[in-house]
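*Asks:* For the sequence shown, counting from 1, position 45 maps to 478 in the working numbering; every step adds exactly one.
Below: one structure in structure tokens.
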Amino acid sequence: MQILLLLTSISSVVLYNCLSNHVCKKRLSGPRQIQAYNIIVYSVCLLAFGALLLGGGMSLYTLLSGLLFGVVTALSAYYKMRALGSGPMHITLLLTTSSMIIPTLSGVFFGESFSAGKLSMVFVLLFFIYLSLDRTDGTGVNRRWFLFCIPAFLLQGAIGVLQKIHQTSAYREEVSGFLFTAFACSFAWSWLRAGRGVKAILPRGMTLAAAVTCGACTFAMNYINLRLSGVIPSQLFFPLINGSAIIASSLVSVTLFRETLTRRQLVGLVGGIAALIAICLVP
């Protein structure tokens, strides 16, 4: 059952990444349109988790932690989409996905054993990320893109930590309440950030369809990942879920989106993926 859930989550992440990359480069222009797009994404999540919450209760702990999770989720998605719109998909995803080192290492604070081997692989991963940031041929890796990647990296890592905190608490069964509160907060945040006249810039047509699909993917990966983060050790779960997603997404970026790689970037990408896999396998 856990394997099926992992495959579903990974597929959702890859589809979300591909659609987000497409709309950010081709259909959305500027921060307000990104926020308007995310309003639709969070609306789908809000309806789904609201349906699951019917008849269930919620503690104050879940309410407050859900609000914090919602703000972090909205900010993470915004900066990741700005980064995708400003630079290459494969390097953006390698950098942001590597944020899994934050929740991975946080496992020691939840009573999980520390692995020196895994920590050494984290430093190897950081080295390959450095190689992948080759700017010599104008492939889109630039200062503006990098400034979007930094908060995306930190916030995406914080998402994993917050998932772990809730799922190791006495309120771990309140998954629907936690995520309903979170996406209600994300929805409100995006609506406020979009500013006045937001209804006029809400996505339509194919962009609306992409937003609804991304909403379904966001629902699936959040619900599944929150459940699994409480039963699979951090040093295995986060590298596994993120490593698999980055491999698949990178293949799509090169084959479907025709993104090119310099030799140095290719070494950085392949080495980074290998390091992510090693983090899963090294005891």
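Each residue gets a CB set at the ideal place from its N, CA and C atoms; glycine is no exception.
Following the continuous alpha helix (DSSP H) through Lys632, name the residue where it begins and the one where it ends.
*Replies:* By one-based count along the sequence shown, residue 632 stands at place 199. Segment: none, Lys632 is in no alpha helix (DSSP H) and carries neither H nor E.
*Asks:* Between which two residues does the alpha helix (DSSP H) carrying Asn575 extend?
*Replies:* On the sequence shown, position 142 is the one that residue 575 refers to. Element bounds for Asn575: n/a, residue is neither H nor E.
*Asks:* Have a look at Ile657 and Leu501 and give me their C-alpha separation to the nearest angstrom.
*Replies:* To locate residue 657, count along the sequence shown from 1; it is residue 224. To locate residue 501, count along the sequence shown from 1; it is residue 68. So the alpha carbons of these two residues sit roughly 19 Å apart.
*Asks:* With burial defined as no fewer than 16 other Cβ atoms inside 10 Å of the residue's Cβ, what is the status of Ser546: buried or exposed?
*Replies:* By 1-based counting over the sequence shown, the position of residue 546 is 113. By the 10 Å Cβ count, Ser546 comes out exposed.
*Asks:* Does the region 612–628 come into contact with the region 434–443, if we say contact requires no fewer than three beta-carbon pairs (one atom in each stretch) closer than 8 Å?
*Replies:* Result no; under three Cβ-Cβ pairs closer than 8 Å.
*Asks:* What would DSSP say about Pro672, mapped onto helix, strand or coil?
*Replies:* In the sequence shown, counting from the first residue as 1, residue 672 sits at position 239. Looking at Pro672 - three-state DSSP - the assignment turns out to be helix.
*Asks:* What span of residues does the alpha helix (DSSP H) with Met554 cover, start to end?
*Replies:* For the purposes of this step, residue 554 is identified with residue 121 of the sequence shown, where counting begins at 1. Segment Ala549 to Ser565, the alpha helix (DSSP H) holding Met554.
*Asks:* If you draw a straight line from the C-alpha of Pro576 to the C-alpha of Met654, how long is it?
*Replies:* Sequence index remark: in the sequence shown, residue 576 carries index 143 (1-based). Sequence index remark: in the sequence shown, residue 654 carries index 221 (1-based). Correcting the residue identity first, residue 576 is Arg in this sequence and not Pro. Approximately 30 Å, taken between the alpha carbons.
*Asks:* Taking Cys478 and Phe652 to be in contact with their CB atoms under 8 Å, please state how far apart those CB atoms are, rounded to whole angstroms.
*Replies:* Sequence index remark: in the sequence shown, residue 478 carries index 45 (1-based). Sequence index remark: in the sequence shown, residue 652 carries index 219 (1-based). Correct: roughly 5 Å between the Cβ atoms.
*Asks:* Please state the DSSP three-state secondary structure of Phe543.
*Replies:* One-based indexing of the sequence shown puts residue 543 at position 110. Phe543: helix per DSSP, three-state reduction.
*Asks:* Using only alpha-carbon positions, find the residue among Ala711, Ile712, Leu709 and Gly705 that is nearest to Ile562.
*Replies:* Residue numbering aside, residue 562 sits at position 129 when the sequence shown is read from its first letter. Ile562 has its Cα closest to that of Gly705, out of Ala711, Ile712, Leu709 and Gly705.
*Asks:* Where in the region 445–514 do unbroken runs of the beta strand (DSSP E), each at least 3 residues long, occur, reported from the N-terminal end onward?
*Replies:* Taking only runs of at least 3 residues, no beta strand (DSSP E) segment lies wholly in the region 445–514.
*Asks:* If you draw a straight line from the alpha carbon of Gly590 to that of Pro536, how long is it in whole angstroms?
*Replies:* Counting from one through the sequence shown, the residue named residue 590 turns up at place 157. Counting from one through the sequence shown, the residue named residue 536 turns up at place 103. Each residue's alpha carbon lies about 6 Å from the other.
*Asks:* Can you give the beta carbon distance from Val608 to Leu659, rounded, assuming they're within the 8 Å contact cut?
*Replies:* Position 175 of the sequence shown, counted from the first residue, corresponds to residue 608. Position 226 of the sequence shown, counted from the first residue, corresponds to residue 659. Contact holds; Cβ gap of about 6 Å.
*Asks:* How long is the line joining the alpha carbons of Leu641 and Ile473, rounded to whole angstroms?
*Replies:* Sequence index remark: in the sequence shown, residue 641 carries index 208 (1-based). Sequence index remark: in the sequence shown, residue 473 carries index 40 (1-based). Distance between the alpha carbons of Leu641 and Ile473: 8 Å.
*Asks:* Leaving out five residues before and five after Ile383 in sequence, what residues of the same chain have Cβ atoms less than 6 Å from its Cβ?
*Replies:* Given that the chain is displayed from residue 434 to residue 716, the structure contains no residue 383 and the question cannot be resolved.
*Asks:* Measure the CB-CB distance between Leu452 and Ala649 and report whether it falls below 7 Å.
*Replies:* Along the sequence shown, one-based indexing puts residue 452 at 19. Along the sequence shown, one-based indexing puts residue 649 at 216. No, Cβ-Cβ distance for Leu452 and Ala649 is not below 7 Å.
*Asks:* Applying the 10 Å Cβ sphere with the 16-neighbour rule, what's the burial state of Met639?
*Replies:* Residue mapping note: residue 639 aligns to position 206 of the sequence shown, counting from 1. Looking at its Cβ environment, which holds fewer than 16 other Cβ atoms inside 10 Å, Met639 is exposed.
*Asks:* Would you mind reading off the limits of the alpha helix (DSSP H) that contains Gly610?
*Replies:* Counting from 1 along the sequence shown, the entry for residue 610 is found at position 177. Element bounds for Gly610: Val608 to Ala627.
*Asks:* Sort Lys597, Gly483 and Leu486 by Cα distance to Ser539 and report the nearest one.
*Replies:* Position 106 of the sequence shown, counted from the start, is the residue given in the question as residue 539. If we check each option's Cα against that of Ser539, Lys597 comes out closest.
*Asks:* Under 8 Å Cβ to Cβ from Leu558, same chain only, skipping five residues before and after it: list those, please.
*Replies:* For this step, residue 558 is matched to residue 125 along the sequence shown. Correct list, in chain order: Ser531, Ile534, Gly705, Ala708, Leu709 and Ile712.
*Asks:* Would you mind sorting Ser662 into buried or exposed? The rule is 16 or more other CB atoms within 10 Å of its CB.
*Replies:* Counting from 1 along the sequence shown, the entry for residue 662 is found at position 229. Under this definition Ser662 is a buried residue.
*Asks:* With C-beta atoms as the reference, is Val700 less than 7 Å away from Leu564?
*Replies:* For this step, residue 700 is matched to residue 267 along the sequence shown. For this step, residue 564 is matched to residue 131 along the sequence shown. Taking 7 Å as the Cβ cut-off, Val700 and Leu564 qualify as a contacting pair.
*Asks:* Per the contact definition of three or more C-beta pairs closer than 8 Å, is the region 505–515 in contact with the region 682–701?
*Replies:* Segments in contact, no.
*Asks:* Tell me whether Lys551 is buried or exposed, calling it buried when 16 or more other Cβ atoms sit within 10 Å of its Cβ.
*Replies:* Taking the first residue of the sequence shown as 1, we reach residue 551 at position 118. Label assigned to Lys551: buried.
*Asks:* Whole angstroms is fine: what's the gap from Gly489's alpha carbon to Gln698's?
*Replies:* Taking the sequence shown and counting its residues from 1, one reaches residue 489 at position 56. Taking the sequence shown and counting its residues from 1, one reaches residue 698 at position 265. Rounded to the nearest angstrom, the two C-alpha atoms are 49 Å apart.
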